[in-house]
Amino acid sequence: MDLLAQYVMNGVMLGLMYALVALGFTLFFGVLNVIQFAHGDVLTAGAFAGLAGYAVAVHAGVEAALPQLLTVALAATLSMALLGAVLGRALVLPLKGAPALNVLLATLMGGTALRECIRLFYPGGSQPQRFPALLPSASWSLGRFTVRLDNLLMLATGVGLILGLSLVLQRTRLGLAIRAVAQDEETARTMGIDFRRVVLLTFAVGSALAAFAGVMNGLYYNEVNFGSGLLLGVIGFSAAVLGGLGNLSGALLGGFLFAGLQTLGAVAMPFASAYKDVFAFGMVILLLAWRPTGLIGERLGERV
Amino acid sequence: MNPRVVALPLRLTLLVLLLALPAGAKEVVKLAFIGPLTGGNSAIGLGGRNSADLAVKLRNADPAARYQYELVVLDDECKPDTGVQVATKAAADRSIIAGVTHYCSVVAMATVDTFHRLALPTVVWGAVLPDITYSHSYKEIHRVNGTMVNQNETAARLMLKQGYRRWVVIHDTTDYGKGHNKYFTQFVTAGGGQILGTFGVTADQQDFTAELTQAKALNPEVIFFGGLTPIGVRIRAQMDKLGVNAQFQGTSGIVSDDFIKGLGPLAEGVVAFREGAPAEKLPGGKFFLEKYAEQKYSNPPEAYGPFAFAAASLLMDTIEKVGPDRKKVLAALGEVKGKDSIVGAITFDDHGQNTVAAITAYVVQDGKWLVWEDSEYAAGKRRLKGR
Amino acid sequence: MSDAAPLLVCRDLTRHFGGVVALAGLDLELRPGEILGLIGPNGSGKTTFFNVLTGLYPATRGEILFAGGSLARARPQEVYRAGITRTFQRSRLCLELSIFDNLAIGAHQRLEHGLWSNLVRRRALARQADATAAAARELLHVFDPPLAARLFEPVAGIPMIDRRRVEICRALISRPRLLLLDEPSAGMTADETTRLMDDLLEVRRSFGDLSIVLIEHEMSVIARVTDRCVVLNYGRKLCEGSYAEVSSNSDVRQAYLGLT
Amino acid sequence: MSDAPAWLRSALAALTLAAPSGLLLYGFLSAELEGRVGLVLAAGALAVAGAWRTGWLGRLVRMAGERALVTAFTLLAGGLVAVFHDDPFVLLLMARAFIVLVACLGLHVQLADAGVPNFAGAAFFGVGGYTAAMLGRGALPHPLVLLAGGAVAAAAGSLLLLPLLRTRGHYAALITIAFGLLFRTFFEVNESLGGPQGLKLAGLEILGFRFNDDRRVLGVEVSGYAGYCLAAVAMVLLALVLVRRLERSWLGLALDAVRLDETAAACFGIEVARWKIAAFTLGNALIGVAGGLSAMMVGFIAPNNFSFQESLVLVSILLLGGLGNVAGLAVASLIVVWLPEKLQPIQEFRYLLFAALVVMVLVLRPTGLVPRALRRPFGSPAA
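Residue numbers (our numbering), protein chains in the order written: chain A, 7 to 310; chain B, -11 to 375; chain C, 498 to 757; chain D, 6 to 388.
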């Protein structure tokens, strides 16, 4: 029982991170019908940016954890919002109208370049970097189940962020613009919406989300690594597709589902846990065979 | 400057002579360094590269040296086919006399035939799989570092001596991790220890909570980790998250400053083992570390840097002795007995394996890797987990 | 002619999209050689009818009899083999292919698709290609002689009207028994359309009893070419008869022309 | 020369194209110093650009015609093998480029003809390799072993058929991506096929001719890789003829129709599913055969070689060359296989530069080096 609770807890934390990544993918697809595959590496870059921010803060003599945390979060989200917009401007918009495959590959390679840059130019970037524990680390145990305060805080923030995002999309003018563009570019233009601006803003928002996920990743594992982006990207993409591209709730569902599959894979096959990714990706293939346009299906629709 | 056409080598030698005669400059001799410079294992690869480079720099600075050495650095990406490609490149280039080759065992395995076929004397600087030297009788392949067999034998003995009996093994599914799992399990069970469970994890895995939760349920005294620094750091950190407080024991792959940097206080008391005498204890070793620091390389030497340095130095000593000729170098390498180096005396057996490869036990104390014997843990001032 | 067995019979043909009823129990008959005009406001189910008939959307309910056989559950490929071809409202030619290739796609059924004959028996292949090219030229020539000369130019490079022509030729080259035209006038001027229709009728003469169902907003076209009209509204048949009859029908004027 | 017989003109045209490219390739392959590599590249780029702008390139290509060109470049490849007969490294590089080209032709049939995405190219390449490793030791003649590699790869691909047929676009792409990742992990975890340690392979042997041996031919040392190189060239020729004949036949037309507009295709009796299956299977078979030869040549096989990144490299070759253009494909595979090797001098920065280059080409020239040409059906008067 306590074990089960532990598994669920682990799965939920994992799922939250995947969901945050998947949200980015689904947002980008929504507005532009493209997959921005550098997204996973943007996450990593975000974590490293946060780390740099922390170093600066410490250098500037900031002692308290909270201001440090804020510096980290701001450094990460702002820089990545910028990077995201730049990527959108430099890699995605120019390829608008080119086959989807080109965008996929261009962003994948862009991500690779980003990854290599971290490895080569961030001091010691080729090895894992320690990420400071900036959250209170109190924890309670019942039997073999340990729940930690910092995890709960992250969980709360993450959920809050997601709710915030959906509010932005539902209530604000930006959200309206984004949804309009997602529905149909032409109509949006005729409604006098500045298409490019909306797209770039979307990329900024989505990338900021990824950066936040990166920071969360760092706080959760107390370690960041230049290479973690590719797999996280692929998983986030899988999650978004599983849920149904362009569908926010789908992205969430997909994220938690994938985490669930991985945990299940590790638990169901004790001592063969290395197969858990084989299991998870195998399930992805089967699920897509069963529901070809994702579990919830596309709301925004891939124009075939 | 490869001899691409029949005429080219002639022209080149002429050129070299012309350069050599008036200035009286030394003849240039090339050594190859092969290791992973890109991808997941690049940190160790770069550490090795820098160390070999350092060896060459020092030698070139030495007026007594008969030759001017040039290091040809090649990236094997830790992939067999790329490895074979660059190995062929190095071996086919007759101006390259010998090679300091490979960190990744799988690549080292792939290239032995190439080196044999093209007769390039090589000294492995980091790959630990026994078969690399023992699966064949090629004269071209030597190795300064010990194999994972020696390492795990010592590891098992020492930990059993501490009174540990119940292990959970976590290893990455690369050749490195799987090999360590195999040999450690073998020696521990032989010594009366018990492996409660074994978990394979992929080398790019981020989250280990599922495995660790199961491990926790098995309630082991020690978690043995067979793998490299990156996931070593993650597993140790996540053990703490899940409140798994068992002793953490690693392999040569985690004996790196980054392991400690990556974990901070959490690294305290972690035990690991590495082939070779501890660099910092031998006079040559101290010298190496100082010189390395002087060069201001962007990466630390990592666990295997000293071996790359030793291998390169060994090759250059040999060339100084017998001259830049592959056959002679090969013959001379066969003779190496008790040759001292910064990793201890080197003696090659008939498979080219360095037999006296000492195994050193390390423990992290106050943010530093200390040799077990002179740590407060050995002295009993501090205690490993559960002791 | 009027007493001949009907070529196409639709009974209670129905198609739902979730809650929306796009086609509601449509009954329709078509005699061999007849030209039927299908009119109605946007979203009245005209194109849906084509899509159901050609098997792109399976019918939710109802029966389709074509030349005696049932097509209600048929896949598009089977519908084509049965002798029904169509054009699309928004031109769906393969733009990066040549006119010839597009027509050859239309002639798919007659072309040899065995591995051996395609990869090895190259002389036979060449002969088949020449035959197809000849047929294509002949057909194009009727619509626009210059077009026939541009047989091997990419479709992307020709004007809208020519694309319409090519699309119609693609539908005709397999010598179907029923041709479904979805708004051929879209994006063309009235007299361009008129000319297109006249050419079509000319081809039809050489075809014998080709029947046509024509979706069209351009009433002048309907008036000129159709033998009979069916008016759809909200997926239902509002009324049918000659253009004169339906255009004078008050419900139609109400629903469609928006007059009272 | 206008009154010269057609064959002569095409031959001359082909030669005028092949000769300078030969010089270029020779220069590139033999160049070692960074400076010289750069020089050769610049010269080549300049020459090509010039020939392009002035329209000479197109004119010569048209005048030569496919057959003459293929012949000329086959001779060219043979010539290069002869020149570098004693340099195993250059031969290995060439052989690898040719083998990759064969694999890419397989991918080309899937992606460029039928529009079926495949981001697991390296996986199918690996299946071919592992098959060769398993059967290579046995009594089965090696040509058959290679074919078996293709067959097994095709069979492995059939696992994906159902999901691939039901999905489209990014969804289909994800299925292949997932398979690629899954495959690599599986072979790493699973011990029965060597696990992460990988497997040694027996060298290729045909009718007692052992490709691994270096030998003296007419008194000159000839590296064993020369044989592999020629085998690879032969394989390229076969694949090329197969693919081009396919494309110019009605089969190719059907594939184009499926790629360009499934709905319209269906409305003209084209069995979309059938053609997708055919293309995917044939493609994987080609990739598998190439993988088999590659594994035998390298003599060793391990999961590391078949990672997702490797699959990406294959796809980038397709897009860089210009999706749907075989000539571009050939050029791109030479560049993508050789350039990283020539970038060795910049050591750890190689991969960064390579990725950056790919991105640049994709952004600045979305159509790839050589854009898709208008399809010329076989026997058409225009052809």
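For each residue, glycine too, the CB sits at the ideal point set by N, CA and C.
None of these values were measured; they are calculated from a predicted model.
Quick one: residues in its chain with C-beta nearer than 8 Å to the C-beta of residue i, no 5 flanking neighbours on either side, listed in chain order?
i         : result
D/Ala178  : Pro122, Phe124
D/Ile275  : Ala259, Ala262, Val263
D/Thr76   : Ala19
B/Val(-6) : Because B/Val(-6) carries a pLDDT of 45, less than 50, the predicted location of this residue cannot be relied on, and no value is offered for it.
C/Ala685  : The sequence shown places Met at residue 685 of chain C, not Ala. Only Met657, Ile658, Arg661, Leu693 meet the Cβ criterion.
D/Ala269  : Ala262
Counting only the same chain and skipping the five closest in sequence on each side, list residues whose C-beta sits under 7 Å from that of residue i.
i        : result
B/Ala78  : Ala20, Ile22, Val60, Leu62, Ile84, Gly87, Leu108
B/Lys204 : Leu230, Val232
B/Pro10  : With a pLDDT of 44 at B/Pro10, under the threshold of 50, the predicted position of this residue should be treated as unreliable, though the coordinate-derived value follows. Excluding positions up to five away in sequence, the list is empty.
B/Gly33  : Gly23, Pro24, Leu25, Tyr91
D/Ala69  : Ser15, Ala18, Ala19, Leu22
A/Leu173 : none
D/Arg142 : Ala207
Less than 8 Å between the C-beta atoms of residue i and residue j, yes or no?
i        : j        : result
A/Phe34  : A/Thr208 : yes
C/Asp598 : D/Pro371 : no
B/Gly114 : B/Tyr292 : yes
B/Gly264 : B/Gly241 : no
C/Arg702 : C/Leu504 : no
C/Thr691 : C/Ile532 : no
A/Thr120 : A/Ala44  : The amino acid occupying residue 120 of chain A in the given sequence is Leu; Thr does not appear at that position. Yes, the pair counts as a contact, with Cβ atoms nearer than the cut-off.
A/Gln135 : A/Val230 : yes
B/Ala43  : B/Phe297 : yes
D/Gly395 : D/Leu319 : A question about residue 395 of chain D goes unanswered here, because the residues of chain D that appear run from 6 up to 388.
A/Leu167 : A/Phe232 : no
D/Ala127 : D/Ser254 : no
A/Gly21  : A/Gly212 : no
B/Gln237 : B/Arg375 : no
Going by Cα to Cα distance, which pick from the options is closest to residue i?
i        : options                                : result
D/Gly293 : D/Val303, D/Pro93, D/Phe129            : D/Phe129
B/Gly220 : B/Ala320, B/Ala300, B/Val157           : B/Val157
C/Arg660 : C/Ala687, C/Leu592, C/Arg607, C/Val710 : C/Leu592
B/Asp101 : B/Gly181, B/Lys127, B/Gln237, B/Gly368 : B/Lys127
D/Val249 : D/Gly43, D/Trp61, D/Val114             : The question names Val, yet the displayed sequence has Arg at residue 249 of chain D. When each option's Cα is compared against that of D/Arg249, the closest is D/Val114.
A/Val92  : A/Val284, A/Ala210, A/Thr118           : A/Ala210
For residue i, collect the residues of the same chain with a Cβ closer than 6 Å to its Cβ; drop the 5 residues on either side in sequence, then sort them by chain order.
i        : result
A/Gln268 : Lys282, Ala286
C/Asn746 : Cys736
D/Gly120 : Arg264
C/Val728 : Ile536, Gly537, Leu735, Cys736, Val743, Val749
D/Gly155 : Ala290, Gly293, Val294
B/Ile211 : Val156, Ala234, Phe236
State the CB to CB distance for the pair residue i and residue j, rounded to an integer number of angstroms; the pair is presumed to be in contact (CB under 8 Å).
i        : j        : result
A/Met86  : A/Val48  : 6 Å
B/Asn140 : B/Phe172 : 4 Å
D/Ala161 : D/Leu151 : In fact, because the Cβ distance is near 16 Å, the residues do not count as touching under 8 Å.
A/Gly249 : A/Ala106 : At roughly 19 Å, the Cβ-Cβ gap does not stay under 8 Å, so A/Gly249 and A/Ala106 are not in contact.
B/Leu206 : B/Gly181 : Actually they do not touch by this definition, with Cβ atoms about 14 Å apart.
D/Val107 : D/Leu291 : 6 Å
A/Leu1   : A/Leu161 : Past the boundaries of the shown model lies residue 1 of chain A; chain A is included only from 7 to 310, so the question cannot be answered.
B/Ala366 : B/Val132 : Their Cβ separation, rounded to whole angstroms, is 27 Å, which puts B/Ala366 and B/Val132 out of contact at 8 Å.
Ordered list of alpha helix (DSSP H) runs contained in the segment 644 to 722 of chain C, each at least 4 residues
657 to 669, 687 to 704, 716 to 722
In the segment 339 to 369 of chain B, which residue ranges form an unbroken alpha helix (DSSP H) of at least 4 residues, counting only runs that do not cross its ends?
364 to 367
At 4 residues or longer, what runs of the alpha helix (DSSP H) sit wholly inside the segment 215 to 303 of chain B?
217 to 229, 245 to 251, 271 to 283
If we require 4 or more residues per run, which alpha helix (DSSP H) segments fall completely within the segment 599 to 640 of chain C?
With a minimum length of 4 residues, the continuous alpha helix (DSSP H) runs that stay inside the segment 599 to 640 of chain C are 612 to 616, 619 to 640.
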